[in-house]
Amino acid sequence: ALSTRTYPHVMCSAWVLRNPFYFLVNVALPNMLFAAMAGLQFFVDVDKVADRASISLTLLLVCASYFQFSSSLVPRLGYLTILDKHSLWCIFLVIVMVFWVGIIKMVRHHTALVDFMAASCFAGIWLLSHG
Numbered sequence: 029a030l031s032t033r034t035y036p037h038v039m040c041s042a043w044v045l046r047n048p049f050y051f052l053v054n055v056a057l058p059n060m061l062f063a064a065m066a067g068l069q070f071f072v073d074v075d076k077v078a079d080r081a082s083i084s085l086t087l088l089l090v091c092a093s094y095f096q097f098s099s100s101l102v103p104r105l106g107y108l109t110i111l112d113k114h115s116l117w118c119i120f121l122v123i124v125m126v127f128w129v130g131i132i133k134m135v136r137h138h139t140a141l142v143d144f145m146a147a148s149c150f151a152g153i154w155l156l157s158h159g
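Residue numbers (the numbering used here): 29 to 159.
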């Protein structure tokens, strides 16, 4: 009797509750800390370019690796999630710090003041984006 009837549509609903704490602790928090650690280069003397670059480039490698790892924790989607955007923003902050190593070396006068202003801007941007 059921095979002779046709139904134009079927409506289903489901209630799903997701606990984001796991992803906040295992993905967002480490990315925040990696981006914050990029600011450690401001504590290294401006003349020690190799030391500054090693901090930034190592953190960039860590961020890229961790982004690859964290993408394996979530299902594949055809769009960027908030978590992906947050991770990419943290990687962008580290990339900016990599470029800053070369930019500050080109500054001839008042390098300490310029570096302090850049450190203040970095801290402000980090706090605004993560606070």
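Quick reminder that beta carbons are idealized off the backbone N, C-alpha and C, glycines included.
Asked: Can you tell me the Cα-Cα spacing of TRP117 and VAL44, whole angstroms?; Found: 28 Å
Asked: Tell me whether GLY106 is buried or exposed, calling it buried when 16 or more other Cβ atoms sit within 10 Å of its Cβ.; Found: exposed
Asked: What's the C-alpha gap between LEU156 and ASP73?; Found: 26 Å
Asked: Check whether the segment 147–155 and the segment 96–112 are in contact - that is, three or more C-beta pairs closer than 8 Å.; Found: no
Asked: Could you tell me the boundaries of the alpha helix (DSSP H) in which CYS91 lies?; Found: 77–99
Asked: What is the rounded straight-line gap between the Cα of VAL122 and the Cα of LEU57?; Found: 15 Å
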